[in-house]
Amino acid sequence: KKFPALFLEKLPFFALSILSAGATSLFQKQAGALQTLGGYSFASRLENFFIGYAHYLGKTLWPTALATPYPRVFHWPMGWVALALVLVVGLSVGVVWWAKRRPYLFTGWFWFFGLLLPVIGLLQVGAAAVADRYAYLPMLGLFTAGVWSAHEGLKRWKLPKLAPVVIAAAVLVPCAARTRDQLRYWQNSSTLFEHAVVVSRDNWIAHQLLGVYYDELGRKEEAFQNFKRATEIKPNYAEAWNSLGIAW
12 KKFPALFLEK LPFFALSILS AGATSLFQKQ AGALQTLGGY SFASRLENFF
62 IGYAHYLGKT LWPTALATPY PRVFHWPMGW VALALVLVVG LSVGVVWWAK
112 RRPYLFTGWF WFFGLLLPVI GLLQVGAAAV ADRYAYLPML GLFTAGVWSA
162 HEGLKRWKLP KLAPVVIAAA VLVPCAARTR DQLRYWQNSS TLFEHAVVVS
212 RDNWIAHQLL GVYYDELGRK EEAFQNFKRA TEIKPNYAEA WNSLGIAW
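Quick note, the sequence shown lines up with residues 12 to 259 if you use this note's numbering.
Put into structure tokens, the structure is as follows:
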């Protein structure tokens, strides 16, 4: 089919996506989760835009130090922002350059880029910078590009027929082991948020949630310590101060 026909046949899906996005934004705003520009400046959102893509790309390729949640950073070091910008822009230009010869790279990268766009932080929801669950569908684009690249490489190098099986096992077995390891932290709020505190820096949200969990169990001292730590990291974190007062 020609491009106009391909575009027109997908218009109903674009319409449904717009309606869904509008409804989600409305509900989040009514719930108080949608942040205004007063809370997060445009410069801060732009920094998080590039850092977010680098984060998701890195965690897809090397899924370690996974946390729930990742707290929002107001201002990243400019060196990190510059590196992330070069990475995102460089990959985008590269796949456009190779679009005719290797269209799967173009499709895979912009699938990843496009599906992350609504949750990359330009429209900030809540206090988290990024969330692993947002990457589940976008990652399919990277996997598509990776599989087609591997297929082309195997054809060019004329490797034995067993090679794809060996390569797939070399990728999937460590991923399965990593999944099994990560599941250990999804036992309860204590294991989940204690892990988040260890693998992420100054995670005031995890400390707050840990405090709530310990307070509900009657473990007051541990609750106080976590609420206090949350207020030390983020002194204007009203929810932690409120929780501390309720615990007292």
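C-beta atoms are modelled at their ideal positions from N, C-alpha and C, and glycine is treated no differently. Every value quoted in this text rests on a predicted model; they were computed, and no experiment measured them.
Item to complete: Using the Cα positions of Leu127 and Pro149, report the straight-line distance between them to the nearest angstrom.
Response: 6 angstroms
Worksheet item: Excluding five sequence neighbours on each side, which residues of the same chain lie with their C-beta closer than 7 angstroms to the C-beta of Thr47?
Response: Because Thr47 carries a pLDDT of 47, less than 50, the predicted location of this residue cannot be relied on, and no value is offered for it.
Practice prompt. Using a threshold of 8 angstroms, state whether the C-beta atoms of Gly109 and Leu116 are closer than that.
Written response: Note that residue 109 is Trp in the sequence shown here, rather than Gly. A contact, by the Cβ cut-off of 8 angstroms.
Fill in: Element boundaries [beta strand (DSSP E), containing Val141]
Ala139 to Val141
Discussion item. With distance defined between alpha-carbon atoms, name the residue in Ala217, Ala140 and Leu57 nearest to His66.
Written reply: Ala140
Item to complete: Kindly indicate if chain E contains any beta-carbon less than 8 angstroms away from that of Phe18.
Response: The chain labelled as chain E is not found in the depicted structure, where only one protein chain is given.
Worksheet entry | The alpha helix (DSSP H) enclosing Tyr236, as first and last residue numbers | Note that residue 236 is Gln in the sequence shown here, rather than Tyr. That run of the alpha helix (DSSP H) goes Lys231 to Ile244.
Worksheet item: When we look at the beta-carbon of Gln219 and count the other beta-carbons within 10 Å, is it buried (16 or more) or exposed?
Response: buried
Item to complete: Name, in chain order, the residues that DSSP records as bridge partners for Pro82.
Response: Ala139
Practice prompt. Look at Gly152 and Trp120 and say whether their C-beta atoms are less than 8 angstroms apart.
Written response: yes
Practice prompt. Give the straight-line distance between the Cα atoms of Val130 and Val184, rounded to the nearest whole angstrom.
Written response: 30 angstroms
Worksheet item: Hey, is the stretch 192-206 in contact with the stretch 219-228, meaning 3+ C-beta pairs nearer than 8 angstroms?
Response: yes
Item to complete: With distances taken Cα to Cα, identify the nearest neighbour of Ser270 among Glu250, Ala142 and Leu96.
Response: Coverage of the chain is limited to positions 12 through 259, which leaves residue 270 absent and any answer about it impossible.
Discussion item. Tell me the residue span of the alpha helix (DSSP H) that contains Gly157.
Written reply: Met150 to Trp168
Worksheet item: Is the number of C-beta pairs between the stretch 53-65 and the stretch 79-99 that are closer than 8 angstroms three or more?
Response: yes
Worksheet item: Between the C-alpha atoms of Ala258 and Val107, what's the straight-line distance to the nearest angstrom?
Response: 56 angstroms
Practice prompt. Can you say whether Phe124 is buried or exposed, counting buried as having 16 or more other CB atoms within 10 angstroms of its CB?
Written response: buried
Discussion item. Quick check on DSSP: helix, strand or coil for Asn214?
Written reply: coil
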